[in-house]
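**Student:**
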Amino acid sequence: YLTGGGELNTVLGTSIIKGLVGAGRMEEATRFLEEMKAMRVPPNDRTLKTLLRGCLRWGRGGEAESIYEEMRAQGMQDQVSDALMIRIRCQDGRLEEALSQLRGLTGPAPLSRLAVGHMLLMEGRDGEALEQAARAMEEIGGAGAAAVDEISKLKIKTDAEFIQRIVEERKQGRRDEQSLRPSMQDLFLSSSSNVDKGNLKTGLSKLLRAVGPDKPLHVELCAGSGEWVLDRAGVEDANWVAVEYRYDRAHEILTRRSLLGLNNLVVLNLDAALVCSDLLRPASVRSMFLRFPEPMGAGSVFFSPSFLRAVHKNLEPNGTFNIVTDDSDLRDSYLKVVKSCPQLFKARSTARREGAKKGEGAVSYFDQLWRSRGFQERYFIELGKVPRNV
Ligand SMILES: C[S@@+](CC[C@H](N)C(=O)[O-])C[C@H]1O[C@@H](n2cnc3c(N)ncnc32)[C@H](O)[C@@H]1O
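For the sequence shown, position 388 (counting from the first letter as 1) is numbered 372 according to our numbering, and the numbering increases by one without interruption.
1. Are there 16 or more other CB atoms within 10 angstroms of the CB of Glu211, so buried, or fewer, so exposed?
2. Could you check how far apart the C-beta atoms of Val378 and Ala113 are, in whole angstroms? I think they sit under 8 Å.
3. Report yes if the C-beta distance between Leu319 and Pro279 is below 8 Å; otherwise report no.
4. Inspect the beta-carbon positions of Val251 and Leu238 and report whether they are closer than 8 Å.
5. Quick one: residues in its chain with C-beta nearer than 6 Å to the C-beta of Leu214, no 5 flanking neighbours on either side, listed in chain order?
6. Can you tell me whether Ala257 sits near ligand 1, meaning its C-beta is under 7 Å from at least one heavy atom of the ligand?
7. Quick check on the burial criterion: 16 or more other C-beta atoms within 10 angstroms. Buried or exposed for Met55?
8. Between Ala381 and ligand 1, is there a pair consisting of the residue's CB and a ligand heavy atom that are separated by less than 7 Å?
9. Can you name, in chain order, every residue of its own chain whose Cβ lies under 7 Å from the Cβ of Leu328, other than the five neighbours on each side?
10. Output the boundary residues of the beta strand (DSSP E) element that contains Ala375.
11. Would Leu36 and Ile1 qualify as a contact pair, given that the criterion is a beta-carbon distance under 8 Å?
12. Between the Cα of Phe276 and the Cα atoms of Arg30, Glu361 and Arg78, which residue gives the shortest distance?
13. Using a Cβ-Cβ cutoff of less than 6 Å, which residues in the same chain neighbour His102 once the five nearest sequence positions on both sides are dropped?
14. Where do the ends of the beta strand (DSSP E) carrying Asn377 lie?
15. Quick one: Cα of Arg15 to Cα of Val25, how far?
16. According to DSSP, which residues form a beta bridge with Leu95?
17. Hey, would you say Asn306 sits closer than 8 Å to Ser271, going by beta carbons?
18. State the Cα-Cα distance for the pair Pro94 and Ala217, rounded to the nearest angstrom.
19. Can at least three beta-carbon pairs, one atom from the region 64 to 84 and one from the region 189 to 207, be found at a separation below 8 Å?
20. Check each candidate in Thr304, Gly38 and Arg233 and name the one with the smallest Cα separation from Gly368.
21. Relative to the C-alpha of Leu249, which candidate in Ala257, Val225 and Ser261 has its C-alpha closest?
22. Given Pro376, which residues of its chain have a CB within under 7 Å of its CB, disregarding the five upstream and five downstream residues?
23. Could you tell me the alpha carbon to alpha carbon distance between Thr(-6) and Glu18, rounded to whole angstroms?
24. Which residues share a DSSP beta bridge with Trp224?
25. Three-state secondary structure (DSSP) at Leu(-14)?
26. Taking 7 Å as the cut-off, is the C-beta of Phe276 nearer than that to any heavy atom in ligand 1?
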């Protein structure tokens, strides 16, 4: 478009950056910002906030600090950029800076309060964590409530309740504060810190050896903030792996995992397709789960015959791949792919009106969200591995 003579302006440039950020192409987004400047198309506060959101989502704290500096220098810094920086600093373990910035905020910032609340809990500062949870709830109940969308409200409520639950359980002596301090790195592999496949593979084997080698292994792909997998890992004597490519969500799973004291869950901040094709050992996984993949997102992109071949290879001889979706088009497209590979899987597809499986207990955030919107039809696809020699 541009080489054909199309004119770049700030709004168009910001939209291009937004698209790149959404796709996780942060290097290109940053390069594009530089190109805009070189072409004398100045970024505005929206452009830079879009990049800050990307830094939160894809775990780029250092870059966020320089963008924020630029905003301050140009007088573009505001409540939104500050609220984002608080969350980014929490992700980077910079609690004191986040706290002092939070104290300086004048308007509501419930998600930032909750990020701080979780970090305070990690430090054993329960009273302060509770206060932040209470204030976050007030902020979505009060006059500003209309400005907060339904998805954020549900997330805020879930997060605040989680903080209250941990504090309550500690009071009752059911949680030992010290047990919550396993080193984060010991259970976390992130593509943002470690991109070499060989290293990732070794890293994953090390993590799995550390959680206990002789138990069945279950893997949830596209785990979101991990409510479902954390619940399952809490009740089942097995090892679990949660795969989520967004850094902010993977970080949330890890934080909760630490606060819940679960030592049988490994979090991989990586692409699900990469984990299946290159990182898991052959025949090592008892069951694989994919729950509520985004119909328009990577969920539909990576579900291909080669992906199924990789999953087939990873599963134990009687292993299963369990998929849940509320989107009938997505179900149909998945079943079409499965049917094109009869040598790999036998499919059983059912529909139920209820959200969670009866007796399963665990309900994820997206599960609740869709239920709250009245989307109650769920499609369950169970894929049983066809042994190689049949
Ligand atoms: C709609 S959410 C569902 C999350 C969770 N399973 C639940 O039920 O709450 C889908 C998640 O998949 C993640 N995701 C999408 N494509 C991915 C990929 N290729 N690798 C890893 N995670 C991915 C998204 O970031 C998002 O958190």
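Here a beta-carbon is modelled for each residue, glycine too, at the ideal position from N, C-alpha and C.
Small disclaimer: the values here were computed from a predicted structure and weren't measured.
**Tutor:** Here's the rundown:
1. Per the 10 Å Cβ criterion, buried.
2. For residue 378 there is no data in the structure shown, the boundaries of the chain being -15 and 374.
3. no
4. Judged by beta-carbon spacing, Leu238 lies within the 8 Å limit of Val251, meaning their Cβ atoms are closer than that value.
5. Counting only Cβ-Cβ distances below 6 Å, and skipping sequence neighbours, we find Arg240.
6. Yes, Cβ of Ala257 sits closer than 7 Å to a heavy atom of ligand 1.
7. Buried, since its Cβ has 16 or more Cβ neighbours within 10 Å.
8. Residue 381 cannot be examined here, being either before or after the span of the chain that is shown, -15 to 374.
9. Same-chain partners within the cutoff: Leu292, Arg293, His296 and Val370.
10. Not covered by the structure: residue 375. The range shown for the chain is -15 to 374.
11. no
12. Checking every option, the nearest Cα to that of Phe276 belongs to Glu361.
13. Thr239
14. Any property of residue 377 remains undetermined from this structure, which presents the chain solely from -15 to 374.
15. Roughly 14 Å separates the two Cα atoms.
16. Answer is none; Leu95 lacks a bridge partner.
17. yes
18. 28 Å
19. no
20. Closest option to Gly368, Cα to Cα, is Thr304.
21. When only C-alpha atoms are compared, the closest one is Val225.
22. Residue numbering for the chain in the displayed model covers -15 to 374; residue 376 lies beyond these limits and cannot be assessed.
23. 13 Å
24. His202 and Leu249
25. Reduced to three states, the DSSP call for Leu(-14) is coil.
26. yes
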